[in-house]
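A.B. asks: Encoded as structure tokens, here's the structure I'll be asking about.
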Amino acid sequence: MKFLDEAKIYIQSGAGGNGCISFRREKFIEFGGPNGGDGGHGGDVVAECVDGLNTLIDYRYQQHFKARPGGGGMGKDRHGANGKDMILKVPVGTQIYEEDGETLLADLTRLGQRVVLAKGGNGGFGNAHFKSATNQAPRHANPGQPGEERTIRLRLKLIADAGLIGLPNAGKSTFLAAVSAAKPKIADYPFTTLHPQLGVVRTDKREFVIADLPGLIEGAHEGIGLGDKFLGHTERCRVLLHLVDGAGEDAGEAYKTVRHELEAYGHGLTEKPEIVALSKADALSPELLKEQLARLKRATKQTPLVLSSASGAGVPDVLRALLAVIDGARKETEAPDRVETAWRP
Ligand SMILES: Nc1nc2c(ncn2[C@@H]2O[C@H](COP(=O)(O)OP(=O)(O)OP(=O)(O)O)[C@@H](O)[C@H]2O)c(=O)[nH]1
Ligand SMILES: [Mg+2]
15 MKFLDEAKIY IQSGAGGNGC ISFRREKFIE FGGPNGGDGG HGGDVVAECV DGLNTLIDYR
75 YQQHFKARPG GGGMGKDRHG ANGKDMILKV PVGTQIYEED GETLLADLTR LGQRVVLAKG
135 GNGGFGNAHF KSATNQAPRH ANPGQPGEER TIRLRLKLIA DAGLIGLPNA GKSTFLAAVS
195 AAKPKIADYP FTTLHPQLGV VRTDKREFVI ADLPGLIEGA HEGIGLGDKF LGHTERCRVL
255 LHLVDGAGED AGEAYKTVRH ELEAYGHGLT EKPEIVALSK ADALSPELLK EQLARLKRAT
315 KQTPLVLSSA SGAGVPDVLR ALLAVIDGAR KETEAPDRVE TAWRP
């Protein structure tokens, strides 16, 4: 499936149906009175979070979405049909912005969550509605109200517990393939991964989601390489797993380059908990491993973990470290729910 995480679309809700002017005409019934029905309600445009989607690609092929208008009222007190809603199916993690791309209208993070983006117009009253003691034969009805139209932007920020970051070729995709059932593309050239990919990790009878991302290089915030827009997918992660290629050049410098790009991107990424691991340990001589570790330790000011996705060594420790942070964060966010507000009349 192709991946797309941004889309601009035009939406229009349905207009309400017109009210009807009509009078009862029947043999032997004098002064039958007004019987024009009300117009139907116009359809809304609604965004809904659905299962089984992880891209906005559908919105590349269609950009105009209109709900159906309400039907007009009719004689014999018949109400017009309500217009059908237009449902926009979006993946979990979709944010909806105004056309300017900055004003957030909705953040859809739960399955089944719905939000009305454009309300359908009300139907107009038919003349039967205006009947009163002083005006028993009203000859007017209301027109239906127009629908709303607007242009909106959809932005997908995947929901994962942990995000994989690092320079290209650091072994991020290999790590994802080693710990989950995901099958990302792996190759020994930079920018093998072009789009984020999710994988579910099962460890210690627990589950969490890891997002594999493209590589960051120096100047990514200025658009070099694949740019840094894809970092949006880490904004919701509870923890970052920063992989540094042990077989690459100076591990300390590699670490700093990526941190610098995170800083330039902003959005609080540098404040997120980060687990640093030196990758490809199996490909290093003991001396080189020691040297790279020392460099990385100096740069990070913590003791980095060491792993090899090829042999599996060190992988369980990394998963455990990730899980510890994820669990801690879960407890924090869940705590307020347990406080019950006892309301008594
Ligand atoms: N020996 C060894 N090689 C590894 C290990 N992990 C990854 N590699 C190799 O490193 C190269 C790059 O791996 P990828 O997983 O594609 O790297 P990446 O970080 O996803 O790269 P991009 O997607 O380009 O950012 C591949 O040739 C892998 O086979 C490891 O643990 N040991
Ligand atoms: Mg990759």
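One gets our numbering by counting positions in the sequence shown from 1 and adding 14 to each. Note that beta-carbon positions come from the ideal geometry of N, C-alpha and C, so glycine has one too. Since this is a predicted model, take the numbers as computed values, not measurements.
#1: Taking 8 Å as the limit between beta carbons, can you name the residues of its chain near Ile-71, skipping five residues before and five after?
#2: What is the C-beta distance between Ala-176 and Cys-251, in whole angstroms, given that I count them as a contact (C-beta under 8 Å)?
#3: By DSSP, does Tyr-111 sit in helix, in strand, or in coil?
#4: Verify the contact flag: Asn-136, CB atom, against every heavy atom of ligand 1, threshold strictly below 7 Å.
#5: Can you tell me whether Ser-323 sits near ligand 2, meaning its C-beta is under 7 Å from at least one heavy atom of the ligand?
#6: With contact counted as at least three CB pairs below 8 Å, one residue from each stretch, are the region 175-192 and the region 217-232 in contact?
#7: Exposed or buried, which one is Pro-300 when buried takes at least 16 other CB atoms within 10 Å?
#8: Ordered along the chain, which non-local residues of its own chain (more than five positions away) have a Cβ less than 7 Å from that of Arg-39?
#9: Taking Cβ to Cβ, would you say Lys-90 is nearer than 8 Å to Asn-49?
#10: DSSP on Ser-27, reduced to helix/strand/coil?
#11: Say the cut is 7 Å; is the CB of Lys-133 nearer than that to a heavy atom of ligand 2?
#12: Consider the C-beta atom of Thr-207 and the heavy atoms of ligand 1; say whether any pair is separated by less than 7 Å.
#13: State the Cα-Cα distance for the pair Pro-152 and Gly-53, rounded to the nearest angstrom.
#14: Does the separation of the CB atoms of Ile-101 and Val-60 fall below 8 Å?
#15: If I measure Cβ to Cβ from Val-332 and keep anything under 6 Å in the same chain, skipping five residues before and after, which residues do I get?
#16: So, at 6 Å on beta carbons, what are the nonlocal neighbours of Pro-83 in its own chain, with the 5 sequence-adjacent residues on each side left out?
#17: Would DSSP call Arg-250 helix, strand or coil?
#18: So what does Thr-165 bridge to, in DSSP terms?
#19: Since Leu-119 and Glu-112 are thought to touch, with beta carbons under 8 Å apart, how far apart are those beta carbons, to the nearest angstrom?
#20: Within its chain, find whatever has a CB closer than 8 Å to the CB of Gln-12; leave out the 5 residues flanking it on each side and keep chain order.
#21: Going by other Cβ atoms of all chains shown within 10 Å of its Cβ, with 16 needed for buried, is Ile-289 buried or exposed?
#22: Can you tell me whether Gln-159 is helix, strand or coil according to DSSP?
#23: Could you have a look at Val-353 and say whether DSSP puts it in helix, strand or coil?
#24: Can you grab the Cα-Cα spacing for the pair Arg-352 / Gly-239, in whole Å?
#25: How many Å lie between Val-142 and Ile-173 at the Cα?
C.D. replies: According to the structure shown:
#1: Beyond the five residues adjoining it in sequence on each side, Ile-71 comes within less than 8 Å, by CB distance, of Met-15, Lys-16, Phe-17 and Leu-18 in the same chain, given in chain order.
#2: At roughly 6 Å, the Cβ-Cβ gap stays under 8 Å, so Ala-176 and Cys-251 are in contact.
#3: Looking at Tyr-111 - three-state DSSP - the assignment turns out to be strand.
#4: No - ligand 1 has no heavy atom lying nearer than 7 Å to the Cβ of Asn-136.
#5: The beta carbon of Ser-323 sits no closer than 7 Å to any heavy atom of ligand 2.
#6: Taking one beta carbon from each stretch, the region 175-192 and the region 217-232 have 3 or more pairs nearer than 8 Å; the two touch.
#7: Under this definition Pro-300 is an exposed residue.
#8: The residues are Gly-46.
#9: Yes, the pair counts as a contact, with Cβ atoms nearer than the cut-off.
#10: Ser-27: coil per DSSP, three-state reduction.
#11: The answer is no for Lys-133.
#12: For ligand 1, a non-hydrogen atom lies closer than 7 Å to the CB of Thr-207.
#13: Rounded to whole angstroms, Pro-152 to Gly-53 spans 17 Å at the Cα level.
#14: In terms of Cβ geometry, Ile-101 and Val-60 form a close pair [threshold 8 Å].
#15: Residues of the same chain with a CB within less than 6 Å of the CB of Val-332, apart from the 5 flanking positions on each side, are Ala-291, Leu-319 and Leu-321 in chain order.
#16: Excluding sequence neighbours, Pro-83 sits near Gly-28, Ala-29, Gly-56 and Gly-97.
#17: Looking at Arg-250 - three-state DSSP - the assignment turns out to be coil, as it is neither helix nor strand.
#18: Tyr-24, per the DSSP bridge assignment.
#19: Indeed, because the Cβ distance is near 6 Å, the residues count as touching under 8 Å.
#20: This structure gives no information on residue 12, because the portion of the chain shown stretches from 15 to 359.
#21: With 16 or more other CB atoms across the displayed protein chains lying within 10 angstroms of its CB, Ile-289 is buried.
#22: Here Gln-159 carries a coil assignment [DSSP, helix/strand/coil].
#23: Residue confidence is low: Val-353 scores 41 on pLDDT, short of 50, so the model does not pin down where it sits. Its coordinate-derived value is still stated next. Here Val-353 sits in coil by DSSP.
#24: Since pLDDT at Arg-352 reaches only 42, below the 50 mark, its modelled position is unreliable, and no value is offered.
#25: Going by the sequence as given, residue 142 is Ala instead of Val. C-alpha separation (whole angstroms): 53 Å.
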